[in-house]
Amino acid sequence: MDQAPQENQATAPPATGHLNIKVTDNNNEVFFKIKRTTQLKKLMEAFCTRQGKDLSSVRFLFDGTRVRQDDTPDTLDMADGDTLEVHQEQVGGYLP
1 MDQAPQENQA TAPPATGHLN IKVTDNNNEV FFKIKRTTQL KKLMEAFCTR
51 QGKDLSSVRF LFDGTRVRQD DTPDTLDMAD GDTLEVHQEQ VGGYLP
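Structure follows, in structure tokens:
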């Protein structure tokens, strides 16, 4: 009788832990499937490589907030199907 609860636990479907994330810039949409605990640096580097961009020349935003390379989907409370926006990094802005 003690084994029955253990068998039920073993047959329960495991949580996937993966999310599908859409990354968009002005012209492109790229979809990535990543684990909830993976640092977004990996996704950022993959996007930049595919698009021929330098990681230091762009910034990533989620819900209007800048995403750091050490952030994970869990730390940002991302859900399956969420979108990261990519914008060209701008330096300066001085007007005489």
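Quick note: the sequence shown uses UniProt numbering, first residue 1, plus one each step.
Virtual Cβ for every residue (Gly too), placed ideally from N, Cα, C.
DSSP state of residue i mapped onto helix, strand, coil
i	result
L95	coil
L40	helix
E89	coil
R50	helix
L76	coil
N8	With a pLDDT of 43 at N8, under the threshold of 50, the modelled position of this residue cannot be trusted, and the question is left open.
8 Å CB neighbourhood of residue i in its chain, flanking five on each side removed
i	result
D74	R36, T37
Q69	Q39, L40, K41, M44
G93	none
N28	Q51
Cβ pair residue i, residue j closer than 8 Å
i	j	result
L55	V67	no
K41	N20	no
P62	V86	Looking at the sequence shown, residue 62 is not Pro but Phe. Their beta carbons are not under 8 Å apart, which means F62 does not touch V86 by this criterion.
Nonlocal neighbours in the same chain, by C-beta distance under 7 Å from residue i, ignoring five residues either side
i	result
V30	V23, F47, R50
residue 152	Examination of residue 152 is not possible in this model, given that the chain is present from 1 through 96 alone.
Own chain partners of residue i with C-beta closer than 6 Å, once the 5 adjacent residues on each side are dropped
i	result
D80	L19, N20
E7	With a pLDDT of only 43 at E7, under 50, the local geometry of the prediction cannot be trusted, and the value read off the model is given with reservation. If we look at E7 and ignore the five residues flanking it on each side, it has no Cβ neighbours.
Cβ neighbour criterion (16 or more within 10 Å) applied to residue i
i	result
V91	exposed
Pairwise C-alpha distance: residue j and residue i
i	j	result
Q88	G17	31 Å
K53	P96	31 Å
N26	D82	17 Å
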